[in-house]
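Notes follow the structure.
In my numbering, the protein residues as written are 17 to 300.
Next up, the structure:
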């Protein structure tokens, strides 16, 4: 057994991971992990990057089989640890962030109800309160998508992947708020003016969605952790089909039946569905 194999075995044990659990994080088989730990084979570069992220060490330290003592935390006896630390447990930053996001979503939901009731009571023009409700739904969807993805990405050491999630969230946000143009302006200007604005926003929404999906897919493949069962590709395809179908249906309803105004509801609905679909990719 070489230095790399010994270090990998020790790091895995210190993390309390089984070979199967580590294999799942790296995206390889149990047998591959076993061969690495016995010195029969070495990981590829992409797999070394993933291992260094998981164990929070550099690739150079991993290859040399030597790291600083402060990074090596020997296994601790839980019976001795529990009474000592029972009063010192502090939730992780990620847990706190998720709690705040859930609270914010609840606030948005109740705010929508308050806005709706208030506007109806004071006979506020529907263009105003519908636009506010659409915008709050868009914010809630972005928060939900970010929350569902963050835990998985940080757990696997993929912090850089979060910026691609932001692109996807932006695309979802724009696709949901795009009907605000129709709701706000359809009674004041002709559809020949507000529709080009609407479709321009929709083009930006598609661009952000497609760019985010492609870059996230490339990032995962580069690190060698792409899901081998093609589930992610399925979700990506369904998301694209939903948005394209929604746009086509909106255009048909508008051209054939002059239903530009009521048909706008398709986009908030499709945005919510796309958010849920994208979230399923990270719920494992």
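We put the CB at the ideal spot given by N, CA and C, even for glycine.
Check, Outcome
"Three-state secondary structure (DSSP) of residue 139", "coil"
"Straight-line gap, residue 95 to residue 29 (C-alpha atoms, nearest Å)", "Since pLDDT at residue 95 reaches only 45, below the 50 mark, its modelled position is unreliable, and the value read off the structure follows with that caveat. Approximately 18 Å between the Cα atoms of the pair."
"Contact the segment 278 to 285 vs the segment 190 to 199: 3+ CB pairs below 8 Å", "yes"
"Three-way DSSP call (helix, strand, coil) for residue 179 in this model", "helix"
"Residue 198 CB to nearest heavy atom of the ligand ADP below 7 Å", "In the structure shown, the ligand ADP is absent, as is every other ligand, since no ligand is present at all."
"Residue 73 versus residue 266 - alpha carbon distance", "52 Å"
"Rounded C-alpha distance that separates residue 56 from residue 81", "15 Å"
"Residue 142, buried or exposed, once every other Cβ within 10 Å from all chains shown has been counted against 16", "exposed"
"Distance CB(residue 194)-CB(residue 161) smaller than 8 Å", "no"
"Minimum C-alpha distance to residue 231 - residue among 182, 64 and 221", "182"
"Which of helix, strand or coil DSSP assigns to residue 22", "helix"
"Proximal residues to residue 192 (C-beta, below 7 Å), its chain only, five neighbours per side dropped", "150, 153, 154, 157, 283, 284 and 287"
"Residues near residue 243 in its chain [Cβ-Cβ closer than 7 Å; skip 5 each side]", "In this prediction, residue 243 scores a pLDDT of 49, lower than 50, which makes its location untrustworthy; no coordinate-derived value is stated."
"Contacts around residue 93, its chain only, beta-carbon distance under 7 Å, and the 5 residues preceding and following it disregarded", "In this prediction, residue 93 scores a pLDDT of 42, lower than 50, which makes its location untrustworthy; no coordinate-derived value is stated."
"Helix, strand or coil at residue 199 according to DSSP, with G and I counted as helix", "helix"
"DSSP-derived helix/strand/coil call for residue 59", "coil"
"Three-state secondary structure assigned by DSSP to residue 265", "helix"
"Local conformation of residue 185 per DSSP, three classes", "helix"
"Assumed close pair residue 78, residue 42 - CB separation to whole angstroms, cut-off 8 Å", "About 12 Å separates the two Cβ atoms, so there is no contact after all."
"Whole-number beta carbon distance between residue 188 and residue 291, since they are thought to touch under 8 Å", "5 Å"
"Beta-carbon proximity check, residue 159 vs residue 225, cutoff 8 Å", "no"
"For residue 286, the three-state DSSP class (helix, strand or coil)", "helix"
"Backbone secondary structure at residue 81 - three-state DSSP", "coil"
"Residue 133 classed as buried or exposed, judged by whether at least 16 other C-beta atoms fall within 10 angstroms", "exposed"
"Under the three-state DSSP convention, the category residue 43 falls into", "coil"
"Same chain, Cβ closer than 7 Å to residue 39, five either side skipped, listed in chain order", "45, 46, 48 and 49"
"Among 272, 289 and 268, the one whose alpha carbon lies nearest that of residue 254", "289"
"Contact check, residue 5 vs residue 211, beta carbons under 8 Å", "Nothing can be reported for residue 5: it is not among the residues displayed for the chain, which extend from 17 to 300."
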